[in-house]
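Residue numbers (the numbering used here), protein chains in the order written: chain D, 1 to 158; chain H, 159 to 766. Ideal Cβ positions, reconstructed from N, Cα and C, are used throughout, including at glycine. These numbers come from a predicted model, not from an experiment.
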């Protein structure tokens with residue numbers, strides 16, 4: 001018997017969410033969405049329990065998690081950084097800004113720093129094209145970014 | 159009364175709707191085909207071949223893989239701007255289809271060239287070489303160079319005890335995924351990741367052996383390329399044969415003899431038992447024995463166990479577990495250990511014929527020869543991929559020495575025969591060696607779905623009623639329907655029997671048993687569609703299930719050809735009990751011929 005360990009409170013929450021969607025296999029995406037909202041990410045043991053609750057193979061759940069870029073198996077940092085890669089931001093140099101974030105933090109897209117402070121992601125258009133290029137750290141928006149501003153911004157959180 | 163009438167009316171309406179015919183033209187040929195069919199199916203019925211790659215169908219087994227992803231089957235439909243995938247486009251009235259216009263041929267070639275652009279070009283040494291559908295497609299389309307140079311996938315190789323996944327060769331046809339999830343309901347495989355990174359893999363991309371995989375190998379049978387194949391052990395067997403210190407014994411499963419001929423140009427359903435025995439002797443095995451002997455032995459043990467449980471049940475013992483489930487099929491054993499851990503005391507404890515043979519060979523026969531078990535090598539030829547896993551299970555070893563050392567598939571045997579430069583077709587028939595090569599017709603039919611239960615009934619009837627069986631053939635137990643049931647009259651006592659083949663069907667039946675919705679005395683389950691004749695170690699049928707149907711007929715023909723057709727009449731089985739085991743289900747057989755099962759389910763443990 002292979003065992004997967006999960007804390008009681010986490011398991012209870014996951015079961016509640018699955019039950020709220022009638023434990024239906026067809027609701028897998030909604031369930032994953034909400035569970036990730038709750039815990040910030042979807043580690044293997046969480047997917048195992050969801051699979052059991054919805055009565056679908058865990059391979060199927062893993063297939064969904066890895067297909068949609070929204071889902072992540074890596075915990076987000078204390079300060080999640082999102083770089084807008086929408087058209088307006090992109091043409092105004094978002095990629096250079098992104099590269100500078102990568103260099104400063106020493107991590108790639110979808111990764112989290114070893115101290116758990118920062119994680120880095122891209123997104124498409126936050127609706128602030130006038131401020132392009134734009135990045136968000138947590139809920140805070142930073143506009144008209146240039147690579148040389150990155151170091152100072154990060155220092156605000158250190 | 160009225161509602162019954164309405165129902166009849168409704169049914170007749172449905173049948174009218176079903177019969178609606180569509181007129182269309184394919185390649186200038188006027189065709190009438192049933193509404194709802196795809197262009198591909200309509201063309202096939204009309205005898206027009208449209209090449210396919212991702213499409214996979216098992217006729218009569220309700221399995222169709224139709225992702226429409228490879229685009230090899232594109233055709234031109236007049237009045238439609240783009241080309242249409244024939245597998246996923248429904249026929250319409252007045253449709254005019256061209257399957258090989260210049261536009262179609264060019265597009266089809268480009269599609270295959272693109273598939274080849276990131277496909278490893280190690281065809282010469284690939285395990286699927288000669289049986290690869292991509293290879294034959296490239297050949298058919300006259301592709302001589304690959305104009306596109308793209309990135310190459312570099313995924314790790316996954317070597318399980320039975321199946322090798324070499325995902326770099328995967329063309330994402332999703333056949334394996336469909337077979338694993340829909341036909342077998344095993345759910346080990348799923349498409350994961352996206353874009354160029356996309357692969358078919360297990361949950362968390364773990365090794366196959368750590369997943370819910372049962373090693374049934376139907377994915378290997380379905381894979382059109384070399385992405386999935388069995389672990390090849392022909393080299394180890396050749397080495398053992400050439401080791402003068404080893405006595406090498408071979409056993410062949412019943413289903414092999416009705417399929418091996420296909421590898422040498424014989425039509426499906428040709429019985430090549432005699433040639434096979436001759437070929438094995440030419441290869442150099444010291445003793446050419448038969449798994450059928452062990453199948454007869456299985457009936458003695460399993461049949462006795464069944465009758466024991468039935469008589470206890472009739473005497474009012476409430477603890478007795480019925481139905482008894484057969485346990486010959488290693489894919490099935492893996493499946494219930496993973497999916498029905500609450501029912502581990504239900505299956506028969508009898509080992510499979512492969513393992514019974516190994517235990518008899520390495521104990522009884524080794525003693526007779528006066529050699530140590532370590533100096534004996536037992537090789538089995540199986541229609542099966544899961545048998546490779548089974549013979550490596552720890553409970554089938556003694557001090558690390560396995561009862562069965564190597565399990566080869568029918569395909570690997572064909573390879574061996576070719577490697578040894580044996581002209582198979584001109585071989586004269588030979589017999590198996592005695593005593594472990596003696597068998598009855600009851601053992602032969604183990605190879606087809608329903609065969610084990612029929613063999614058990616032939617013996618159990620006579621033991622239970624103490625009367626000779628008048629009619630040996632129980633045709634009510636035969637057939638290729640996925641789930642079947644029949645009641646056999648044991649001289650006034652009705653015995654209810656269930657049969658399932660394909661693990662999806664087995665799951666359905668077992669769930670009913672678990673809920674108490676059905677009452678059977680015994681159930682036979684085989685993991686592969688058709689039973690062992692449709693096993694994953696057999697010559698590739700590429701989805702043509704009529705090949706399996708012909709093997710099915712051949713199995714029952716071989717049964718008819720046998721002088722003895724009831725396991726308990728096998729004189730060498732009687733001798734084995736007299737000399738060695740004493741009685742069926744006795745102490746010695748309990749030790750050597752029976753096994754136990756393990757809970758392999760996945761449980762989420764909640765920490766307080």
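- An exposed status is given to residue 310(H), since fewer than 16 other beta-carbon atoms sit within 10 Å of its beta-carbon.
- In the three-state reduction of the DSSP assignment, residue 363(H) falls in the helix class.
- Contact annotation, residue 646(H) with residue 615(H): C-beta distance approximately 6 Å; criterion of less than 8 Å satisfied.
- By the beta-carbon neighbour count (other beta carbons within 10 angstroms, threshold 16), residue 298(H) is exposed.
- When only Cα atoms are considered, residue 584(H) and residue 418(H) end up about 15 Å apart.
- Only residues of its own chain outside the window of five on either side were considered, and among them 730 and 733 have a CB closer than 7 Å to the CB of residue 593(H), listed in chain order.
- Residue 707(H) and residue 689(H) have their C-alpha atoms spaced approximately 11 Å apart.
- Interface annotation, residue 761(H): in contact with chain D, CB-CB separation under 9 Å.
- Distances from the CA of residue 337(H) to each of 222(H), 716(H) and 198(H) were compared; the closest alpha carbon is that of 222(H).
- Taking a cut-off of 8 Å for Cβ pairs, the segment 710-729 of chain H and the segment 388-403 of chain H do not touch, as fewer than three such pairs fall below it.
- Checking the DSSP bridge columns, you'll see residue 647(H) partnered with 652(H).
- Contacts between residue 44(D) and chain H, judged by CB atoms closer than 7 Å, involve 362 in chain order.
- By the neighbour-count definition (other C-beta atoms within 10 Å, threshold 16), residue 409(H) is a buried residue.
- In the structure shown, residue 394(H) falls within a helical segment according to DSSP collapsed to helix, strand and coil.
- Ranked by how close their Cα comes to the Cα of residue 631(H), the residues 207(H), 356(H) and 610(H) have 610(H) in first place.
- Taking all protein chains in view, the Cβ of residue 316(H) is crowded by 16 or more other Cβ atoms within 10 Å, so the residue is classified as buried.
- Boundaries of the alpha helix (DSSP H) around residue 712(H): 703-719.
- For residue 45(D) against residue 58(D), the beta-carbon gap comes to about 10 Å, at or over 8 Å, which does not count as contact.
- Not a single C-beta of chain D is nearer than 9 Å to the C-beta of residue 553(H).
- Against chain H, a Cβ distance below 7 Å from residue 3(D) picks out 761 and 763.
- An exposed status is given to residue 737(H), since fewer than 16 other beta-carbon atoms sit within 10 Å of its beta-carbon.
- Taking a Cβ-Cβ threshold of 9 Å, none of the residues of chain H is close to residue 82(D); the smallest such distance is about 20 Å.
- With distances taken between CA atoms, residue 696(H) lies nearest to 566(H) out of 230(H), 193(H) and 566(H).
- For residue 754(H), the three-state secondary structure derived from DSSP is coil.
- A straight-line Cα-Cα distance of about 45 Å links residue 108(D) and residue 545(H).
- Under the three-state reduction of DSSP, residue 735(H) is assigned to helix.
- Residues of chain H with a Cβ closer than 8 Å to the Cβ of residue 60(D) are, in chain order, 339, 345 and 348.
- Residue 216(H) and residue 121(D) have their C-alpha atoms some 45 Å from each other.
- If you draw a 10 Å sphere on the C-beta of residue 306(H), you find fewer than 16 other C-beta atoms in it, and that means exposed.
- Ranking 481(H), 745(H) and 591(H) by CA distance to the CA of residue 680(H) puts 481(H) first.
- By the beta-carbon neighbour count (other beta carbons within 10 angstroms, threshold 16), residue 332(H) is buried.
- Under the three-state reduction of DSSP output, residue 179(H) falls in the strand class.
- Contact note: residue 351(H) reaches chain D through 66 and 67, using a C-beta cutoff of 8 Å and chain order.
- Rounded to the nearest angstrom, the gap between the Cα atoms of residue 586(H) and residue 440(H) is 12 Å.
- At a cut-off of 9 Å between C-beta atoms, residue 63(D) counts as an interface residue with respect to chain H.
- DSSP lists 657(H) as the beta-bridge partner residues of residue 642(H).
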